[in-house]
Every structure is written in structure tokens, then in C-alpha cells.
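So the protein sequences, as listed, match chains A and F. Numbering-wise, our numbering puts 93 at position 93 of the first sequence, and it's gapless, one number per residue. Add 342 to a position in the second sequence, counting from 1, and you land on the number used in our numbering. Positions of the beta carbon are idealized from the N, C-alpha and C atoms, including for glycine.
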Amino acid sequence: MLLEKLSNACGVSGREDEVREALRQELAPYVDEMWTDPLGNLIMRKGDGPVKVMLDAHMDEVGFCVGDITSEGYLKLKKIGGLDDRVLPGREVWVTQRRIPGVLGAKAWHLCSAEERRKAIPFKEMYVDLGCRSRAEVEALGVELGDPVYFATIFEHFSPRVVKGKAFDDRAGCAVLGGVLQGEAHPGITLYAAFTVQEEIGLRGARVAAYNLNPDLAISLEGTGCANVPGVDPKETITNMGEGPVISLMDAAGIPNLQVFNLLVEAAREAGIRYQFRRLTSGGTNAGRIALERAGIPACTVSVPCRYIHTNAALLNLDDLEGAVSLIHHFLRKVEKGEFRP
Amino acid sequence: MSSLLLERLHRLAALWGPSGREYKVAAALEEMIRPYVDEVRTDAIGNLIAVKKGAPGGKRVMLTAHMDTPGALALEVSEEGLIQLAPVGDLKVHHLIGQRVVWGSGVVGVIQHEAVDESKDLAFRKLWCDIGARSREEALANVPLGDMCTLVGELQQMGADLITGPGLNNRAGCAVLLEVAEHLQGALHEVAFVFATQGAVGPRGVAPAAYGLQPDAAFVVEMTPSGGLPGGPKVAVRLGEGPALKLKDASFVAHWRLSELVRSVAEAEKIPLQTEINSDVDRTGARAVAAAGYGVPTAALDLPARYLGTAGEMVSLRDLMGAADLLMKLLQGSLAF
């Protein structure tokens, strides 16, 4: 399964090589051409129709890098992307792409004062314990400053349709995009699949890809927050797992182009695909940045709901992911019929 | 003063056009500017670009004002038919409570807030819009999720010079551009009037427009908060004392030589001009224009205003006319800087 392979691959922002290689291998049979741009975006072209459509999904995941190696042989980390300190202590991690095992340590509960126990442990007090006793032992493992650190999470099925893994933001989007490439061809479209870099640290790769490709329209494919879980008011769930792909109303980086947005909604309705809107406007996606490239590019975001996103273990429902693939195909058919009129 | 300025201001301020959904404003502006220009087009993200041709050897100049207003987006609807909101731009909770709004569908609503004991408990997510619907279904039939609302209300004149009402930011800037388009004599330079999208959430729309045009110089006309109010912004700019040349804000520093030219023309033509330095604002389109493509020498000419983002925004007609005059005089000169 593509999602499994992608979730198990490791790639924080700027270190997307493993993900890029997995995508190359899996998707080469389905595309006409592929190349990597100077920043590291992996671009695939399928078809050569008159309308240029860019589908974006970012390859990078949130994680850490080694910021310091202490003389006692512990690692101090720097965050890459947004991570909630409360979910970090005690997590198993992999250091470097070689997956050297470690654990995120912090002062133990029984050593904490009453006041400390009421608060989240500050990130700067956490460290990675590799079982080493000195800096020399760490260096002997080949660990250096700047090396990437990942959640040590292996993809698995919780049920036939619900899966667990790390980095569903945005390997879910990569899997949707891969699914689109593996599916029907759209002869009326030049489809550019842009697997982009460095989204989590400021929507960086996609703008370069959009500048180079200069498409007629673009859709960003994402994994997005989802909280239909205990203790959350049903009004506040952002999205609901199992209730279909998500069309964005607005986010911190952009307001969807009205024509693209309407066409997505029509495509879902006509094809009878269950869909939902993202009922939160904070958080930014690549679509907002793509929209501003060159002389302007109509864009919108379509997402897969992911519970516990940006943690070590996210959940998603494969029906939502497959629904997103189906939605994009129906959308592309409408574009082929000339229904996108900017 | 053009007899049309006030009329245009009334018409433009009354239009529904929140960020990203400016099409009604663009249509009205297209109709209003068409008689004065050679070519009008809309670009891929909704900017309206009207071009008045120049003489050979002239420069290519961009005049821009964003045409959107802030508003709120329909995020969810309760079983009772009340619409839950998310902000589009910088509207403040306490400015919205009790206000009337209009939705893109044309439906009118009233904004209210959950009962709270203290003002610190006010929050945008506790606001709702009541459109008089009796159920979720009835509300959604009138306001689909994703629709946006903006403040409504008549503009009113205060004395000879001041105008108050919602929607002036930045339709007043648009009215200044129309004034320039109408009265500009002598086609020395090619002038592109750009009515930009998504200024209230950005600057966003204006950057692609500037990239597409790559002008030799650009003038951005927006609004800036004026000072002299209790607890208000600590700035020197005052309402009614002329347009303000922005030298610096939190995201922009002026192109020095172009700004010197603006100042010297204002002085020579005896047009009152204020100097603006405000480190608390950062949404100016000027920063996006300046950095577009290979870079654009950009000057920001702001209209002083009170109470931005409320139903009672205030601007001075004298300031608007001063800005239009100054821009015309600049465009009628050699624009050497």
C-alpha cells in the first residue's frame, strides 16, 4: 500500500530524499515524465492536454533535528515544524535516516514539584537518550549536529479501514496524489503532480514549483486536523474522520478561488461523493502560497481528515482518502469538459 | 472637487465585496472606469486592471488600491439556524456585536455574542449571525457554508468634509483612483489602475498584478489609522490634514528617491502632505508590490482614517482630493527619480 510505504519513510523539511525515492519507484509506471527541481520538489507529468493543472502534496513531515550533543551523551533537539510539547515526553524516536533508536526523556513524575506536575514539561528540558554515556559514544554512532530525528512509528491497520501512522501530514496528500496518477488518464489535461518540499516551515517548496510550472489552476492535497473525539463539542471538530474528503473554506494562507471551490463542490455532488468543509480557518496550506505566484494562480485545498495530526500516531480512514482521489478525478473530468472558466 | 467623488464613494462603500469575493466591486469599478481608459481586464485572481495608454518614451506606472473589505465567513450553522463565524481580515469582536451585515447571497443578518460577564471573555467563536432562520436547513438554504458577510450601513456626511460609515476601507482608495482616471490630462505615461483583491487579509492580490505588469514605479493608495484619540495609535497622522506618505511601517520602508519626488511635487503644488511612520501596521500592499518580480520602486500614499474596521469608519474628503491631486500632478510630470 502506497500510504504505508510513505508513512514509514522518513523526511523532515529539507530532508525529503527517502520520500522522494519511494514516490519515484512507486509512481514511475504511471507518468510520462518526472524530474526533481533545484529545491528538491519532485515533479511528475501525466498527459499533455491543453489545460495545465498542478496537484500539490508536500513530502516533508514535522520532526526534529539534533541541536546539541551534551558531554554526558544526550541529544538536545530543535523542532522542525509545529509540535505540541504535551505529546512529546516518553516518545520513542529514530535518529537519522538510519533509524538509531532513542527515547525522548524528561524529568520523572516523582521528582517534579506539585507546580511542575500541573504544567506541560518545557521542550527545552527534554532530551533524547540513546543509551550513551558520553559525547564520544554518540559520535561513535555517527550522530552529528543537524541530523534529523523522527517519531519511531510503524504504520498499521487498526481495522480494515482505519490506519495508524506517522507523518500523515502530508503523506496522506501524497497518497491521494499517487492514487490520482495510478487512476484514469485525463487526455484534456497536462497534469503536473508536484511533490513539494519544506511546507511545514513556511510553504516554501510549493511556491517554487508553482513559479516553474505556471499552471492554469492548482489544488493542494493535505492531511488536516480532525477532532470528532470524546470531549470535543461537535461544533468544534474541524473535520470528522469517516465523513469524506474535505474542501477548504479558507485558511490562514489563502481564500479558495471561487471557481475552483465551486467546481469541487459540484464535482462531489454530481458524483455522489460524501464531502465536508473544514470548519476552522487557522493553519496555512500551500494553496494560499501557490495562488500568489507569477500573475496569480486559481487554487484551493482538498484534505483528508487525520486525528492526532502532528503527533507520533495519527489515524485516518481509508474511505476518506479514496473519496479524495475520486473527488479529484471527477473535478479533472469537469475541467476537461471546459467547465473551469477563470 | 469632482461632483462624482461623493457619489462614487456612496456607491462603492455599499457594495458587498469581502476578501477573495470582490467580483461585484470589480464589475462596478469596471463600469465606472471604462470611459476613462483604453483597456480593462481581470486577471487570474480577480484583480481589475484598467490601462490608460501613454506617449512613447513615457514610463509605465501602476496605481493601486485594494477593493475588498474585511468580513466574516460562515463556518457552521447550529440546529437553531444561527451561523457560526470566522474572521476574514481584522474585524474585532467588540466592533461587531449588534451590527447588521449582508451575505453574498443578499440575505441580511444581525451579529450577536454569547452572554459574558466580562469583556475579556469576548471571543470571535462566541459570535453568531442571526438571519431570522428557524432551523439549520433554512439557514443553509439562504447562506451556504463558506459564504461571507460584510458590515452594512449608509454613509453619512459630518459637516462639510467628513464622511462616516462602513466599507470605506478601502473603497475610498478606489474612489481616489477613479478621480485620477477621470481627470488625468495629457497621456505622458502609461498608467495601470489596479483594483486589487485580498488586501484586507494580505496583501495578496496586488503581488501577482505587480508581477504581471512590472511597472517602472507604483503608487499604493490605502488607509491608515490617524492619531489624536484617547488610547488610540500613537502616530502623528491626523484626519483632514492631507494624505500621508508612508515612510515606514512594520513591513515596509519607502523607496527613498520616489518618496522624495512625491514630497517635492506636493511642496511645489502646495498640496498638504503628512508623513507617516507607524510600526503597528503591516498590511500595506506596498510591501508586496515593492518585492514583486525584479522589484518595483513603490510609494505608499495613505488616506488618514478613524475607526478602521468598524461600522463608523471616518475619512476626510479633503484628504481624498489631496491624494488624487497629488497623484495627478505626479503623473503629469516627468516622474524622474
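Please classify F:Gln441 as buried or exposed, where buried requires at least 16 neighbouring CB atoms within 10 angstroms.
Counting C-beta atoms within 10 angstroms of its own C-beta, F:Gln441 has 16 or more neighbours from the protein chains shown and is therefore classed as buried.
Figure out for me which residue from F:Tyr649, F:His437, F:Trp470, F:Ala586 has the closest Cα to the Cα of F:Pro572.
Residue nearest to F:Pro572 within the set F:Tyr649, F:His437, F:Trp470, F:Ala586 is F:Tyr649 (criterion: CA-CA distance).
What residues in the region 281–300 of chain A have a beta carbon less than 7 Å from any beta carbon of chain F?
Those would be Thr281, Ala291, Leu292, Arg294, Ala295, Gly296, Ile297, Pro298, in chain order.
Interface partners of F:Asp385 on chain A, CB under 8 Å:
Listed by position along chain A, the residues whose Cβ is nearer than 8 Å to that of F:Asp385 are Ala295, Gly296.
Roughly how many angstroms lie between the CA atoms of A:Glu4 and A:Tyr150, to the nearest whole one?
Per the coordinates, the alpha-carbon of A:Glu4 lies some 16 Å from the alpha-carbon of A:Tyr150.
On the DSSP bridge assignment, give the partners of F:Trp470 in chain order.
In the DSSP output, where bridge partners are listed per residue, F:Trp470 has F:Gln426, F:Gln454.
Between A:Phe64 and A:Leu55, is the Cβ-Cβ spacing less than 7 Å?
Their beta carbons are not under 7 Å apart, which means A:Phe64 does not touch A:Leu55 by this criterion.
Residue range of the beta strand (DSSP E) that F:Met670 falls in?
Per DSSP, F:Met670 belongs to no beta strand (DSSP E); it is in the alpha helix (DSSP H), 659–674.
If you reduce the DSSP assignment to three classes, tell me which class A:Val102 lands in.
According to the sequence as given, residue 102 of chain A is Gly; it is not Val. Three-state DSSP puts A:Gly102 in a strand.
What are the residues of the region 469–483 of chain F that lie near chain A, defined by any Cβ-Cβ distance shorter than 8 Å?
So nothing in the stretch comes that close.
Apply the 10 Å Cβ neighbour rule to A:Met1 and answer buried if 16 or more other Cβ atoms are within range, or exposed otherwise.
Result: exposed.
Counting only runs that start and end within the region 495–561 of chain F, where is the beta strand (DSSP E) found for 3 or more residues in a row?
Listed in chain order, the beta strand (DSSP E) runs fully inside the region 495–561 of chain F are 498–500, 504–507, 532–538, counting runs of at least 3 residues.
8 Å contact criterion, which F:Pro585 and F:Leu643 should meet: CB distance rounded:
Indeed, because the Cβ distance is near 5 Å, the residues count as touching under 8 Å.
How long is the line joining the alpha carbons of F:Leu371 and A:Pro342, rounded to whole angstroms?
Each residue's Cα considered, the two are about 19 Å apart.
Rounded to the nearest angstrom, what separates F:Leu493 and A:Asp147 at their Cα positions?
The alpha-carbon atoms of F:Leu493 and A:Asp147 are separated by roughly 52 Å.
Looking at the secondary structure, which residues open and close the alpha helix (DSSP H) in which A:Phe195 lies?
No alpha helix (DSSP H) holds A:Phe195; the beta strand (DSSP E) holding it covers 189–196.
Please confirm whether F:Glu418 and F:Arg478 have their CB atoms less than 7 Å apart.
It is not a contact, given that the beta carbons lie outside the stated cut-off.
Does any C-beta atom of chain A lie closer than 7 Å to the C-beta of F:Tyr553?
Yes, its Cβ sits closer than 7 Å to a Cβ of chain A.
What's the call for F:Gln540, buried or exposed, on a 16-neighbour Cβ count within 10 Å?
Around the beta carbon of F:Gln540, 16 or more other beta carbons sit within 10 angstroms, so the residue counts as buried.
Note down the Cα distance separating A:Tyr308 from A:Val87, rounded to an integer number of angstroms.
Looking at the two C-alpha atoms, the distance is approximately 10 Å.
When the Cα atoms are used, what is the spatial distance from F:Cys516 to F:Lys588?
Per the coordinates, the alpha-carbon of F:Cys516 lies some 18 Å from the alpha-carbon of F:Lys588.
Chain-ordered chain F contacts of A:Phe277 [CB-CB under 7 Å]:
Close to A:Phe277, with beta-carbon spacing below 7 Å, are these residues of chain F in chain order: Leu487, Gly488.
Could you list which residues in chain A have their beta carbon closer than 9 Å to that of F:Ala428, in chain order?
Going along chain A in sequence order, the residues near F:Ala428 (Cβ under 9 Å) are Leu249, Met250, Arg279, Leu280, Thr281, Ser282.
Can you tell me where the alpha helix (DSSP H) holding A:Cys174 begins and where it ends?
Element bounds for A:Cys174: 168–182.
How would you label A:Asp169, buried or exposed, when you count the other beta carbons within 10 angstroms and need 16 or more for buried?
Taking all protein chains in view, the Cβ of A:Asp169 is crowded by 16 or more other Cβ atoms within 10 Å, so the residue is classified as buried.
CA-CA distance, F:Tyr553 and A:Asn214?
Taking the straight line joining both Cα atoms gives about 13 Å.
Would you call the region 290–307 of chain A and the region 391–403 of chain F in contact, with 3 or more CB pairs under 8 Å?
Segments in contact, no.
To be precise: take each residue of the region 402–426 of chain F, compare its Cβ to all Cβ atoms of chain A, and keep it if any distance is under 7 Å. Which residues remain?
So the list reads Leu415, Leu417, Glu418, Gln426, given in the order they occur along the chain.
Of all the options F:Pro545, F:Gly637, F:Ala523, F:Trp598, which has the alpha carbon lying nearest to the alpha carbon of F:Asp624?
Shortest Cα-Cα distance from F:Asp624 to any of F:Pro545, F:Gly637, F:Ala523, F:Trp598 involves F:Pro545.
N- and C-terminal bounds of the alpha helix (DSSP H) containing A:Gln315
In the sequence on display, residue 315 of chain A carries Leu and not Gln. Element bounds for A:Leu315: not the alpha helix (DSSP H) but the beta strand (DSSP E), 314–317.
What residue range is occupied by the uninterrupted alpha helix (DSSP H) comprising F:Gly627?
Unbroken alpha helix (DSSP H) run through F:Gly627: 627–632.
So does the region 12–19 of chain A actually touch the region 196–209 of chain A, counting three or more Cβ pairs closer than 8 Å?
Below 8 Å, enough C-beta pairs join the region 12–19 of chain A and the region 196–209 of chain A to call them touching: three or more.
So F:Met490 is in the beta strand (DSSP E); what residue range does that whole segment cover?
490–493 is the extent of the beta strand (DSSP E) around F:Met490.
Taking 7 Å as the CB-CB limit, is F:Arg629 close to chain A?
No, because no Cβ of chain A sits closer than 7 Å to the Cβ of F:Arg629.
Across the region 98–116 of chain A and the region 124–132 of chain A, are there enough close Cβ pairs to call them in contact, namely three or more that are closer than 8 Å?
Contact between the region 98–116 of chain A and the region 124–132 of chain A is present, because at least three Cβ pairs lie under 8 Å.
In angstroms with no decimal places, state the Cα-to-Cα distance between A:Pro298 and A:Thr224.
Distance between the alpha carbons of A:Pro298 and A:Thr224: 21 Å.
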